[in-house]
Structure formats: C-alpha cells, structure tokens
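> After the structure tokens below, expect a handful of questions from me.
In mature numbering (1 follows the signal peptide of the UniProt record, and there is no 0), the protein residues as written are -25 to -1, 1 to 298.
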C-alpha cells in the first residue's frame, strides 16, 4: 500500500518497497490451477547492506553538535555546507529505558536541517506529532542499524541524501517502544461463498485463491476473516498492519510480508477502499477487501497496478492509535 510519508522520515527511509509478481499455482482451497488464480506472497528477502560511510563522512557526523535535555527539542549546529558521500550516523546519547528489539514498534521524535545552510525544515517537537515505525522494517535501514540494541531515550545524529538529492541532517530521539503482534488473532469468521479464498501459512502469511470466473464487484467488498477483541478503528487513526495485495489474475503487487515487518500509516492517507474497509473493524482482526477501481487508483496506472484494476487485499490489523 502506497502511503504518504513525512519529509523527515522519507529522508532516512533508504530502502524502496519491492513489488513482486506471481501467477497461477498449485491446488489450494477455493480452486485449482486450472480454474483459479493463486496469489502467493514472495518470502521476505534479505535486506541489502546500507552503503558504508567513508572516514570523511564519519568525521563530518562526529562534528555535528547536539545539545539539550532528552525529551526536549535538541539544539543542532554544524559547519555549513555539510556534505557526505554515503549515509553516516553516530550515537549522540544512549538511552536508559526499555531495550529496542527487532520487530518492536519504536516511537520517535526528530528534527531535520538542511546540510547546505543549517536551517531547520521539519521538527516533530514543533508539530507535536511523534512518529512510529517497526524496528527491522527495511525502509528504515539506517535507523535499524543504529537503534536495535539501544534503549528508549537514545539519540542519534545522521547525515544522508534526501530524495531531492540534497544533504539533510537528522537528529532522532526514541521516546517509546512497544511490542505488537505480528498477525491477527481472534475468532475465525466464515466468509460468504464465492469470494476469493484465503489460506494462511503457519506464520500467518496469506495465500489468496481467486476463481477465474470471479466477477469484479462494483461495490467495495468488506469480509472479516478473523474478528479481534480490540477497539474499533476510526478513520482518523494511524494503523499498523500486515497486508498482501493482489490483482484478480493472481499477480501480487505489494506485501508487508515480503518486507519482513508490519507497516504503519494514517488511515486517511490511503486509497478510499482501505479507509472505508478498515474503519469500523476491531484491532486484532483480519479482513478481506475487494476494492473496485473507483475506490482504488481509478483510471491511473500505479506502479505494477494497471489502470482500472480491481484490487484484492488481506489485512491483519495489529494496532490503531491517534495519528
């Protein structure tokens, strides 16, 4: 699922989301290779190692001065223009709280400054909107490398090249960490007959079987498969989910399972089929969504998704909190 990302976190999200394809496969519930399209999620690939900073890059980051108490916006100063050839970072202060482990959800505050002039471009301390991500998510390799094994309260300083090719300095502070489930847990729900069938692997990863004679619906289909016991999700929340997305021909176009970790995003920042389909569901639930084009990407091609495509999603709702 493509979603909007703030300028700050986009600057440190170094890995791109891989799109994978699959076609008809072996027999599974709901049909066979001859009469159904089987969408299997590609297994998580090993993350590519982040580029190694040079000795000069490390010296540049060491020269970034960060001061001020933990929990407050830091004062950040450095000699301009600041340049690095590869992303570089250092631990400014070690935390004293709970340990940061892979798979846990870290909440961070951060400030971003332009390397050219040292001017601040974004600060969550000013917006009062800290952000969260899953430790181990390959989109945040630079943060993972520095934060996993540290503790809440840790501060890191980073210099990296943003998407617009300008150098940015980012100071990140971890304000909290929380363990969340990796899959939906609750009461199984018997789906309506005729819908795409979902089969779960031992770890919860779904395989979707779509009958070849399945007619694309004109209205959004919302079919709970597992009902959790958490609070109901609202449209204005940020959700953390595991999900797999398929086309009706069995092509897998996106999956958090293939990236190895859940993902978080504001529910009001995605396609309307997701906003309408997830709002009102309980945390801990798994839901099948069949999204007609007018509630997806419409007549616009979007990456591996052709124009006017009906989209099939299996979504595990792991957490929901204020955006």
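From the three backbone atoms N, C-alpha and C, an ideal C-beta is built for every residue, glycine too.
#1: So, for residue 290: in the same chain, excluding its five sequence neighbours on each side, which residues have a beta-carbon less than 6 Å away from its beta-carbon?
#2: Check the DSSP bridge columns for residue 153 and list the partner residues they point to.
#3: Contact defined as beta carbons within less than 8 Å: I believe residue 259 pairs with residue 211. What is the distance between those atoms, to the nearest angstrom?
#4: Comparing C-alpha positions only, which one of 186, 44, 294 sits nearest to residue 206?
#5: With a CB to CB cut of under 6 Å and the five nearest residues on each side skipped, what residues in its chain are close to residue 179?
#6: Can you grab the Cα-Cα spacing for the pair residue 247 / residue 296, in whole Å?
#7: Given that a residue counts as buried once 16 or more other Cβ atoms are within 10 Å of its Cβ, and exposed if not, what is residue 46?
#8: DSSP on residue 12, reduced to helix/strand/coil?
#9: Could you give the DSSP three-state label for residue 297: helix, strand or coil?
#10: What is the DSSP secondary structure of residue 241, reduced to helix, strand or coil?
#11: Kindly list the residues whose CB is nearer than 8 Å to the CB of residue 26, restricted to its own chain and excluding five residues on each side of it in sequence; keep chain order.
#12: Give the single residue among 56, 231, 79, 182 whose Cα lies nearest to the Cα of residue 36.
#13: Using the beta-carbon count (16 or more within 10 Å), is residue 282 buried or exposed?
#14: Quick one: what does DSSP say residue 36 is sitting in, helix, strand or coil?
#15: Applying the 10 Å Cβ sphere with the 16-neighbour rule, what's the burial state of residue 141?
#16: Give the range of the alpha helix (DSSP H) segment to which residue 252 is assigned.
#17: Is the beta carbon of residue 89 closer than 8 Å to that of residue 99?
#18: What is the DSSP secondary structure of residue 270, reduced to helix, strand or coil?
#19: Nearest to residue 257 by CA position, among 273, 241, 182, 160, is which residue?
#20: For the beta strand (DSSP E) that residue 223 lies in, which residues bound it at each end?
#21: Judging by CA-CA distance, which residue of 147, 236, 221 is the nearest neighbour of residue 156?
#22: So, under 8 Å CB-CB, residue 175 and residue 251 are touching, yes? Tell me the CB distance rounded to an integer number of Å.
#23: In whole angstroms, what is the alpha-carbon distance linking residue 226 and residue 198?
#24: From residue 12 to residue 272, what distance separates their C-alpha atoms?
#25: Helix, strand or coil: which one does DSSP assign to residue 200?
#26: For the segment 66 to 82 and the segment 113 to 130, state whether three or more C-beta atom pairs, one from each stretch, are separated by less than 8 Å.
By the coordinates alone:
#1: 216, 218, 262
#2: 80
#3: The Cβ separation is near 20 Å, so there is no contact.
#4: Among 186, 44, 294, the Cα nearest to that of residue 206 belongs to 294.
#5: 158
#6: 19 Å
#7: Residue 46 should be labelled exposed.
#8: strand
#9: strand
#10: strand
#11: 61, 62
#12: 56
#13: Burial state of residue 282 is exposed, judged by a 10 Å Cβ sphere holding fewer than 16 other Cβ atoms.
#14: helix
#15: exposed
#16: 247 to 253
#17: no
#18: Three-state DSSP puts residue 270 in a helix.
#19: Among 273, 241, 182, 160, the Cα nearest to that of residue 257 is on 160.
#20: Looking at the DSSP string, residue 223 is not in any beta strand (DSSP E), and its letter there is neither H nor E.
#21: 236
#22: The beta-carbon distance between residue 175 and residue 251, rounded to whole angstroms, is 24 Å. This is too long to meet the 8 Å contact definition.
#23: Looking at the two C-alpha atoms, the distance is approximately 21 Å.
#24: Cα to Cα, residue 12 sits roughly 22 Å from residue 272.
#25: strand
#26: yes
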